[in-house]
Every structure is written in C-alpha cells, then in structure tokens.
Amino acid sequence: VDRHARAVAESAIQLHGGIGMTEEYAVGHVLRRVIVIETTCGEADVHIAAIDRSAEWNGNPIDIQGSV
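In terms of our numbering, the numbers along the sequence shown are unbroken and rise by one, the last being 1034.
In structure tokens, the structure reads:
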C-alpha cells in the first residue's frame, strides 16, 4: 500500500504543480503523511521479508514473495 500511496500522492502533486506542496492544499499534507508513515513503520519490503522469514505452512517454510 505504501508504494501506491506515495506514487498517487506524488502524481497528484505533479498534476497540481508547485501549488500542490503549499499549506492550502491537502495534496502536500497527504504526501508528508505517507512519508512519515513510511519512516515510522518501515517500508513494505522490510515487513514482507520479516513475514517471509517466519512464514510456515504445516511446519514447512513457504515463500510469500511470489504471491506479492
């Protein structure tokens, strides 16, 4: 989700031009919020790797990377 949220927010800012980063428009707030969430919670790749290391099915390790 984080990659898509960031891409959408960046595209919206490009659509609005420089005004998209001003305080008056919510688009800049959305991008800043996405960046803060990424910084605070980590990127999706980090979480996927952690889940991949611990994922098992009937006691056998499974690779979840192929399903993402």
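Note that the Cβ used here is the ideal one computed from N, Cα and C, for glycine as well.
Secondary structure at G994: helix, using DSSP grouped into helix, strand and coil. Ranked by Cα distance from A978, the first of D968, G994, R969 is G994. DSSP places E976 in the helix class (H, G or I) of the three-state scheme.
Non-local beta-carbon contacts of A975 in its own chain, meaning distances under 8 Å to residues more than five positions away in sequence, involve V993, V996, L997, V1000 in chain order.
Secondary structure of A1015 (DSSP, three-state): helix.
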